[in-house]
Amino acid sequence: MKTIKGSTNPKAEEKTFYELSDFVYHFENPLFGKKENEKHIWTLYKQVNNNWKQVSGNIKYGEKVPYTFGEKAVGISFKIEVHTESKNILNKIEKKLTASLVVVPRTKHEPVIGRVILLNRDNADVNKATFNESLSAEARTSNLVGKEITFYLWEEGATEEKKYQKPKTAKVDKNGIAKIKFSLSEYATPQTWMSFFSGNHNTTKKFFVSASYLSKETTNKTPVSVTESQQQQPQQQTEKKEESTGFIEKATNIIAEGIGKIGDYVEEKTRTATSVGGNATRQPGTCICQEQYKDLIWGGKVSCEFRKKVVQICAELWGESRKIEMANGLMAVMKVETWGSFKAHHREGFQSANDSPKDLTISSFHKDSGSKSSRAVGLIQFTQDALEGMNEFPKSTPATKGTQPRYDALNRLKLGYAQMGEIRQLDKVKKYFEPAKNKIKTPEDIYLHVFAPKGVGQKDDFLLYEKDTIEYKNNKSVDKDNNGIQRKEILARFYKSKMDGINNKTSKFTCRIDDKKIDTINATDIVTYHIYADGKIEKHIPKEIKSGYEQKYKYVFHDKENKEHEICVVDYIFANKRNNGITISSIPRGYTETYSYPRGGNAQTAYVYSNGDICVEGTRYGFKKYPKGTGKVELVRMKDSLSYNNGNVKIYYSFKNSQRRHCNPESYAGFIGALATLGRTDVLCTGMCFEDATSYPSVTHPNGDSADTAYYSTLALEQKKVNAFKHFNFKNIYRGQTRWYPNLIGTKYSRGHEDHLHAGDFDSSIVKTIKE
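This is how it looks when you write it as structure tokens:
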């Protein structure tokens, strides 16, 4: 019997797709072994008094189908059954049970612990405290009113056993806030006591507060700002007091500051840190890497964002107190696996990664043996086994094993890995390690888990590969004793990488404290669009793009006085180019894949066909078809909003009722230029295109070279906006025919534009490319 792929705990009110397990994603012919006229029939049953009762009106057909469960179905068991109808050798129809799956819907109103703060409410300066004072912790939550939140306060360096020995609980009030107080002196480690008893008052100590609901733990995804404080100065005394000895009286300051990230689910723990003691102060504007990540080995080879991401991942996997130790191990591994390139597109068998990711194809992953082969790729050299273990690629079946379509699908997936950029691929690195994080105890284990997982946790003399095995032959050079390859021999490369990495720490610090302000990147590290007030646009390409910025563009505006304004840095992807869409009467049969668009817009479901065409089903504008064009198109992920205001330059926009938040890079430069020319703070963008280059419900927006904006209330303001788009080389401006719209100079009438202005067909030929 086959299995059904899909969530066993679908979220209520959301469309969830289910499919049979051997329908292989992205295969040219995914239905291996499918019989002619074979039909799959999906039936839904509800559990009632320990019996399964069929849900009427819910029969579905096809290889992949959606189900949407209501909020009333939460907690109830449902069973999905798939029967297959086909003709036997006697040409008679047979029906048999193919697969079944039991699902239990979960509520869409998921409880969330968002922001967690730690502060001293008894002091005029809430960011300072002494060890004889109490700290207040607060957790801001959603959908948890009346529930109990468990808080823990612990000092960095405490063992896992010691961290959670003194929990405190508090109920969430009607405003969604849970509050608790901690006496700080109760939570210091014995080492800290000894430090203060010995008179060492200048040691900085870090504390963490955890807020949890249910028991699963993880580190908060947003790093906490940690400020080292100054030692309190003793106050002049007018009378002699009894001499006091002990830890509490040897007071130093504590900075109590911590911000969590809205959206962390309550099955997670949210941590926030504070500092105790110390006499160093951070200078405003200092790069956070200079303080927190300066000791990361090989840090000089990668970007600030890359460094922060690696440390964040290791904190989430192995704890805050070990994050640098384990991050150094991971950096050493990635150096070995990529020959020091630290590139997402580094391929097995190559000692460099000087080629451009966008120039790669699936054939770039073929080995010398031919097209039925596949090179490993990426920061830790992802292999087929690794991708299958991560559930990124389906395991083979007797019908698919060793076939060309399966190799093509595998190499297509690896091509996607190569083109996603380093920062996004680091999320895949984390996904690879997550299932084994509890087994991985040392940095050496990180290397073994990548290179030879069976060696994780073993002794140094553990035999990894015996003689005459393929693995031994591939690594024979490390067998110094000629007795098979032992764990310690494999680790020699790892230790060399760690030693070499010490001499390759970063010495250039270019980011800011605020993670959101990454747009201070040196222009020589990243491809940058320079947008000039006179309508000119230049694309500057540096000789070398720094690791972590290969899939990013930076946008800089030059005002009339030629003063530079750094606006933003955005990610970009590659998508199949699309021709203009057409309206169709229904979704044709034969699609090989479906997926849902982000909620909040008009597009709902995409149907993908083997020739690359995409048909889209939406809310109320019918069905649209977007044929596959020739070649690829770059699409940047637009900022959800811009609010830049500096001197005489104002660049503002926000989205209105649209999830079409991608566009081509040149169009985004023109859009930013038009916004600067307009100088308004109330521009509402109603969308460009989606990540797949479609643009439902519009048929004229594919590939993201057109921008829609909501009309202003007056002709004068709207004309000013039209002029701004014209100034920045949008060739065709479409408008409606009611009200004063026909009076807009330089526009054309087009159906469907009564509620928005369409600035289309940006002229990319005006962008001058300058290679440094």
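All residue numbers for the sequence shown refer to the working numbering, where the first residue is 238 and numbers rise by one.
Idealized CB from N, CA, C, for every residue including glycine.
Shown here for N565: same chain residues with a beta carbon closer than 6 Å to its own, the five before and five after excluded, namely I534 in chain order.
Under DSSP, P303 takes part in a beta bridge, and its partners are F254. For V409, the CB contacts under 7 Å within the same chain, skipping 5 residues up- and downstream, are T378, L381, V382, G383, K384, I386 and A415 in chain order.
Going by C-alpha positions, I727 is about 7 Å away from V715. Counting along the chain, the unbroken beta strand (DSSP E) around V886 starts and ends at V886 to F892. Closest in C-alpha terms to K865, from the list I1007, S895, F908 and I819, comes I819.
Between Y933 and K861, the gap from beta carbon to beta carbon is short of 7 Å. Where G626 is concerned, the enclosing alpha helix (DSSP H) starts and stops at Q621 to G626.
Around the CB of D762, 16 or more other CB atoms lie within 10 Å, so the residue is classed as buried. Here A947 is near L921, since their CB atoms are less than 7 Å apart.
Collapsing the DSSP output to three states places V715 in a helix. H990 sits in coil when the DSSP states are folded into three classes, being neither helix nor strand. Annotation: K595 to G721 spans about 42 Å, alpha carbon to alpha carbon.
Residues of the same chain with a CB within less than 6 Å of the CB of Q284, apart from the 5 flanking positions on each side, are S314 in chain order.
As a beta-bridge residue in DSSP terms, Q723 pairs with L700. If you draw a straight line from the Cα of Q956 to the Cα of N246, it comes to about 52 Å. Per the C-alpha coordinates, the member of E671, A636, L356 and A581 positioned closest to L652 is A581.
Counting only residues of its own chain and dropping the five nearest sequence neighbours on each side, A911 has a CB closer than 6 Å to the CB of A961, F962 and F965.
For S904, no beta strand (DSSP E) segment is defined; the enclosing uninterrupted segment is the alpha helix (DSSP H) at P902 to L915. One alpha carbon belongs to N816, the other to L879, and they sit about 29 Å apart. In the DSSP secondary-structure assignment, C922 is bridged to F892 and T946.
Pairing H802 with N883 gives a Cβ-Cβ distance under 7 Å. In this structure, DSSP gives A415 an extended state, which the three-state scheme calls strand. Around the beta carbon of Y530, a 10 Å sphere encloses 16 or more other beta carbons of the protein chains shown; the residue is thus reported as buried.
For the options Y809, G859 and N848, the alpha carbon positioned closest to that of S823 is the one of G859.
When C-beta atoms of the segment 578-593 are compared with those of the segment 630-640, fewer than three pairs fall below 8 Å, so the two segments do not count as touching. DSSP assignment within the segment 785-833 yields no whole alpha helix (DSSP H) run of 4 residues or more. Close CB contacts of I1007 within its chain, under the 6 Å cut and outside five residues either way in sequence, are with E775 and H777 (chain order). With fewer than 16 other CB atoms across the displayed protein chains lying within 10 angstroms of its CB, T598 is exposed. Listed in chain order, the non-local C-beta contacts of T406 below 8 Å within the same chain comprise E385, I386, T387, F388 and I417, local neighbours out to five positions each way being set aside. The three-state secondary structure of L355, taken from DSSP, is strand. A residue is called buried when at least 16 other Cβ atoms come within 10 angstroms of its Cβ; L701 meets this threshold and is buried. R976 carries a coil assignment under DSSP once its states are collapsed to helix, strand and coil.
Your pair T831 and K301 checks out as a contact, with CB atoms roughly 6 Å apart and the cut at 8 Å.
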